[in-house]
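K.L.:
Sending over a structure as structure tokens; questions will come in a sec.
Shown next, in the form of structure tokens:
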């Protein structure tokens with residue numbers, strides 16, 4: 001059984017068929033089909049059902065692919081470790097930085113790595129997309145905020161509490177009062193929120209339900225568009241943001257926190273997520289240690 005064939009089968013299952021896997025890998029559908037045929041001959045099991053549009057694993061194929069994914073990740077780790085040992089240096093560091101992580105935590109670490117000759121490939125996104133990328137081996141680790149511990153396949157080290165707080169542009173009616181704001185006022189306000197299905201959106205809705213109110217329908221939602229603050233300012237809207245972001249000078253100059261009666265409930269905690277037992281390059285270990293030192297030092 002060929003490790004490369006295993007990898008191709010994992011990608012075919014993930015992408016839902018030969019065409020999408022071909023576009024993802026840059027390999028012809030015919031070559032991918034031959035890899036599946038070789039695996040089915042070797043296992044004496046039909047691994048995929050051919051559909052009118054795409055392919056899906058059979059019941060036996062799902063069991064096979066569950067283990068194949070682990071083998072594929074282990075093989076990726078093995079190649080990475082051998083590469084680092086052979087070159088006596090780290091290769092490209094692929095890591096993630098979640099939405100709402102302040103520049104003051106990340107930029108000094110990235111700059112120091114680059115000055116030492118380490119190439120860095122940064123990925124952004126919400127915590128859900130980044131944890132999936134780490135689990136699939138696309139990233140060595142991610143610094144992100146989570147509202148609960150990730151799946152058992154991922155190792156998580158929470159470094160500091162960084163709860164979400166409602167934020168409004170300076171001059172907003174709810175920002176001008178020094179009193180705590182009523183929940184009925186919050187329910188009537190305009191909101192920009194991360195998209196449905198994200199942990200941030202779920203926590204947003206839970207806060208209103210805890211006060212027996214229907215969550216307001218956001219006037220806009222976002223999936224890491226990097227335009228959220230501009231929308232909040234231009235629309236005179238509110239948005240839940242991490243407490244640490246409100247300390248960033250550009251944000252503090254234009255926005256202020258809004259204090260609801262009884263407070264805003266948030267379990268968000270910032271930390272580092274990586275694959276449990278996965279290989280970490282020397283540069284990844286260095287970056288994680290540096291990030292941990294910065295986050296634990298800041299008050």
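In UniProt numbering, the protein residues as written are 1 to 299. For glycine and all other residues, C-beta sits at the position ideal for the given N, C-alpha and C.
1. Out of 185, 171, 26, 298, which has the shortest C-alpha to C-alpha gap to residue 253?
2. Please report the Cβ distance between residue 30 and residue 54, rounded to the nearest whole angstrom; I am assuming they are in contact, meaning their Cβ atoms lie under 8 Å.
3. Is there contact between the segment 115 to 134 and the segment 93 to 103, where contact requires at least three CB pairs shorter than 8 Å?
4. So the alpha helix (DSSP H) residue 213 belongs to, where does it begin and stop?
5. For residue 202, name the three-state secondary structure that DSSP assigns.
6. Quick one: Cα of residue 169 to Cα of residue 238, how far?
7. Here's a check: name, in chain order, each residue in its chain whose Cβ is nearer than 6 Å to the Cβ of residue 160, leaving out the five neighbours to either side.
8. CA-CA distance, residue 192 and residue 230?
9. In angstroms, rounded to a whole number, what distance separates the CA positions of residue 33 and residue 277?
10. Which ranges does the beta strand (DSSP E) cover as unbroken runs of at least 3 residues, wholly within the UniProt domain "HTH lysR-type" (1 to 58), from first to last along the chain?
11. Look at residue 42 and residue 1 and say whether their C-beta atoms are less than 7 Å apart.
12. Where does the unbroken alpha helix (DSSP H) through residue 142 begin, and where does it stop?
13. If distances are taken between C-alpha atoms only, which option among 138, 272, 196, 218 comes closest to residue 72?
14. Let's test the definition: count the other Cβ atoms within 10 Å of the Cβ of residue 228 and tell me whether it reaches 16, buried, or not, exposed.
15. With respect to the beta strand (DSSP E) encompassing residue 155, which residues constitute its N-terminal and C-terminal limits?
16. In its own chain, which residues sit with a C-beta less than 7 Å from the C-beta of residue 236, not counting the 5 before and 5 after it?
17. Roughly how many angstroms separate the alpha carbons of residue 59 and residue 37, rounded to a whole number?
18. Counting only runs that start and end within the segment 101 to 126, where is the beta strand (DSSP E) found for 3 or more residues in a row?
P.N.:
According to the data block:
1. Residue 253 has its Cα closest to that of 171, out of 185, 171, 26, 298.
2. Your pair residue 30 and residue 54 does not check out as a contact, with CB atoms roughly 16 Å apart and the cut at 8 Å.
3. The answer is yes - the segment 93 to 103 touches the segment 115 to 134, with three or more Cβ pairs under 8 Å.
4. From DSSP, residue 213 is part of no alpha helix (DSSP H); its letter is neither H nor E.
5. Helix at residue 202.
6. Looking at the two C-alpha atoms, the distance is approximately 8 Å.
7. Excluding sequence neighbours, residue 160 sits near 270, 295.
8. Those two C-alpha atoms are separated by around 10 Å.
9. Going by the C-alpha atoms only, they are around 32 Å apart.
10. The DSSP assignment places 48 to 50, 55 to 57 as complete runs of the beta strand (DSSP E) inside the UniProt domain "HTH lysR-type" (1 to 58), in order along the chain (cut-off: 3 residues).
11. Yes, Cβ-Cβ distance for residue 42 and residue 1 is below 7 Å.
12. Run containing residue 142: none in the alpha helix (DSSP H); it sits in the beta strand (DSSP E), 141 to 146.
13. The candidate whose alpha carbon is nearest that of residue 72 is 138.
14. Buried is the call here.
15. It spans 154 to 161 - the beta strand (DSSP E) in which residue 155 sits, taken as one unbroken run.
16. For residue 236, the CB contacts under 7 Å within the same chain, skipping 5 residues up- and downstream, are 169, 172, 190 in chain order.
17. Distance between the alpha carbons of residue 59 and residue 37 is about 17 Å.
18. Here the runs fully enclosed are 120 to 125.
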